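Presented below is the structure to which this report refers.
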Amino acid sequence: DTEVTQTPKHLVMGMTNKKSLKCEQHMGHRAMYWYKQKAKKPPELMFVYSYEKLSINESVPSRFSPECPNSSLLNLHLHALQPEDSALYLCASSHEDERDYTDTQYFGPGTRLTVL
Amino acid sequence: AQSVSQHNHHVILSEAASLELGCNYSYGGTVNLFWYVQYPGQHLQLLLKYFSGDPLVKGIKGFEAEFIKSKFSFNLRKPSVQWSDTAEYFCAVNDPADTDKLIFGTGTRLQVFP
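First to last, the sequence lines map onto chains A and B.
Just so you know, we're using the numbering used here here: the first sequence kicks off at 206 and counts up by one.
Just so you know, we're using the numbering used here here: the second sequence kicks off at 2 and counts up by one.
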């Protein structure tokens, strides 16, 4: 089972709103990720949590705030976003594959965010 | 720094045609290489990966890829495509400086016509 779930599927918000995206995995994966993907572009890494600690922040603006309450859950809090932040936000999780010792990332379906 | 190039941006094929999508990376040391597929409106799915050993890797849905170290390449192949293979294909490699980072190529859009 390599399922990563994300809610909501779609989100429309105004520039003054505060909203949150949620990601869950129950595979015991040690690392969880947030990516931003614009249409017809590859995913761009935003944040990485490893063992529930923030390990990578790719210079993301502070209007995006990640949170990892426990090993299965990852949130992305959104505040005062801009229209250019409209995109598909992908969550992923990874573990070291015991067969080949590679870290393989498995992606969720994403949240399509529209900022008006 | 590691980089990944996918030179085919848009490929159009008829069903039953053979497919080869190019992927080149820049780092000369040990690499883990991946191909992901994103069907229209769906999430990224892992097609296959290479970590070591046999350079010919078989994945899901009849895809395979060949790692050629001397050419820094990891091309994706399928002998006979189907309409359902229409999707965006991304090659990716682990950043050797931080293996939690995946470096993606720009993607190749494949359209298969019946």
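Glycine is no exception: its CB is placed at the ideal position from the N, C-alpha and C atoms.
This structure is a prediction, so every number in the text was calculated from the model and none was measured.
Each residue's CA atom was taken as its position, placing Arg235 (chain A) and Val209 (chain A) some 13 Å apart. Against chain B, the beta carbon of Tyr311 (chain A) has neighbours under 8 Å at Leu47, listed in chain order. Put simply, the CB of Leu250 (chain A) is near chain B, with a gap under 8 Å to one of its CB atoms. A Cβ of chain A is located within less than 8 Å of the beta carbon of Leu103 (chain B). The Cβ neighbour count for Tyr40 (chain B), taken over all protein chains shown within 10 Å, is under 16; the residue is labelled exposed.
Only exposed fits Asn262 (chain A), as fewer than 16 other CB atoms lie within 10 angstroms of its CB. If you look at Tyr256 (chain A), you'll find it isn't in any beta strand (DSSP E); DSSP assigns it neither H nor E.
Of all C-beta pairs linking the segment 283-292 of chain A to the segment 54-73 of chain B, fewer than three are shorter than 8 Å, placing the two stretches out of contact.
Within the same chain, Cβ atoms closer than 8 Å to the Cβ of Phe114 (chain B) are found at Ile13, Leu14, Ser15, Glu16, Trp84, the five residues on either side in sequence being excluded. For Ser260 (chain A), the residues of chain B that pass the 8 Å Cβ criterion are Asp101, in the order they occur in the chain.
Think of a sphere of 8 Å around the beta carbon of Ala236 (chain A): the chain B residues whose beta carbon falls inside it are Asp101, in chain order. Take the alpha-carbon of Leu250 (chain A) and the one of Met220 (chain A): they are about 23 Å apart. Sixteen is the threshold: when 16 or more other Cβ atoms of the shown chains lie within 10 Å of the Cβ of Gln310 (chain A), as they do, the residue is buried. Beta-bridge pairing by DSSP links Lys223 (chain A) to A:His284. Among the residues facing chain A, Thr109 (chain B) is not included, as its CB has no counterpart in that chain under 8 Å away. For Ser81 (chain B), the secondary structure class from DSSP, reduced to helix, strand or coil, is coil. Listed along the chain, the chain A residues whose CB falls inside 9 Å of the CB of Lys50 (chain B) are Asp302, Asp305, Thr307, Thr309. Per DSSP, the unbroken beta strand (DSSP E) holding Ile69 (chain B) starts and ends at 65-69. Going by DSSP, Phe73 (chain B) is part of no beta strand (DSSP E) at all; its letter is neither H nor E.
Here Phe105 (chain B) has Phe91, Ala93 as same chain residues with Cβ atoms under 6 Å from its own Cβ, once five neighbours each way along the sequence are excluded.
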